[in-house]
Structure formats: structure tokens, C-alpha cells
Amino acid sequence: MSIEMITTVIKTVISTTLFFVWVVRYKNIITEFRRDYNYPDWLRDVTGITKLSCAVMLVSSNPELNNLGLKGIIFLMCFAILTHIRVKSAFGKVLPSIALLSLCLTLLFLA
621 MSIEMITTVI KTVISTTLFF VWVVRYKNII TEFRRDYNYP DWLRDVTGIT KLSCAVMLVS
681 SNPELNNLGL KGIIFLMCFA ILTHIRVKSA FGKVLPSIAL LSLCLTLLFL A
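Mapping to my numbering: the sequence shown position 109 is 729, numbers consecutive.
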């Protein structure tokens, strides 16, 4: 399997995951941001819009947009992990953020 194919698969997994969490499971996101993290609604909305925008950029055919989307997701995943540490989440809650960050760092390394 070529590097190009591997990066395409990883980009698709990342983008699909973000879409699923921030669109399909949005009701869970609302609950988590309010109950678990005690963050305001506007921050949840900005975070969601930013993550979905970065996910679209990641699968774009434009290399500059790919890079911007990738770095945006890395930034957001770092803060997601810090949030989980701040609220002392169980490891199972932190694991998806760690996995997405790891996939993004893999893409950064392969680029």
C-alpha cells in the first residue's frame, strides 16, 4: 500500500469521525459541554464549526488547506485532552482524543 493511499485512509477516518461526533452525536456533545466540562454554549458551537471546517479542509484537494486543517485538528485535540485532564475524565473518555491526535501526528510525519 502506498503512502498516498495510507494518508487518504487516515484523512477519511479523521474526517468521518469528526463528522459523526459533531453531527450525528451532537446531543451528546451538548450534554458533555454543559454537564461535564461546564463550558458555555458559544464555545461548543465555535469548537464544532472549527472541527468540521478543519475536517473538510483535511479532505480537500488543496495541499495548503490540508495542512491548515491538519494543524487545526492537532490544536483542537491538544485542548480536548487538556480539558479531559482538567475535569479528571476516565481514560476511556480521553482515548478518542488521543487516537485522533495520534492519527493527525502520523499524517504530519508522513507529509
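Even glycine gets a Cβ: it sits at the ideal position worked out from N, Cα and C. Being a predicted model, the structure only gives us computed values, none of them experimental.
What's the C-alpha gap between Lys-713 and Glu-652? Along the sequence shown, read from residue 1 onward, the residue named residue 713 stands at position 93. Along the sequence shown, read from residue 1 onward, the residue named residue 652 stands at position 32. Taking the straight line joining both Cα atoms gives about 11 Å.
Do Leu-638 and Lys-671 have their C-beta atoms closer together than 7 Å? Taking the sequence shown and counting its residues from 1, the one referred to as residue 638 is at position 18. Taking the sequence shown and counting its residues from 1, the one referred to as residue 671 is at position 51. Contact flag set, yes.
Using beta-carbon positions only, say whether Ala-700 and Ser-717 come within less than 7 Å of one another. Here residue 700 corresponds to residue number 80 of the sequence shown, with the count starting at 1. Here residue 717 corresponds to residue number 97 of the sequence shown, with the count starting at 1. With a cutoff of 7 Å on beta-carbon distance, Ala-700 and Ser-717 are scored as near each other.
Is Lys-631 closer than 7 Å to Leu-678 when the C-beta atoms are compared? In the sequence shown, residue 678 corresponds to position 58, counting from 1. In the sequence shown, residue 631 corresponds to position 11, counting from 1. Yes, these two residues count as a Cβ contact at 7 Å.
For Leu-730 and Thr-627, what's the separation of their Cα atoms in angstroms? For the purposes of this step, residue 730 is identified with residue 110 of the sequence shown, where counting begins at 1. For the purposes of this step, residue 627 is identified with residue 7 of the sequence shown, where counting begins at 1. Going from the Cα of Leu-730 to the Cα of Thr-627 covers about 8 Å.
Starting from Val-676, trace the alpha helix (DSSP H) both ways and give me its first and last residue. On the sequence shown, position 56 is the one that residue 676 refers to. Its alpha helix (DSSP H) spans residues 661–678.
Three-state secondary structure (DSSP) at Met-697? Stepping through the sequence shown from its first residue, residue 697 is reached at position 77. In the structure shown, Met-697 sits in a helix (DSSP, three-state: H, G or I).
Check whether Leu-690 and Leu-727 have beta carbons under 7 Å apart: As a first step, residue 690 must be located in the sequence shown, where it is residue number 70. As a first step, residue 727 must be located in the sequence shown, where it is residue number 107. Cβ atoms of Leu-690 and Leu-727: closer than 7 Å.
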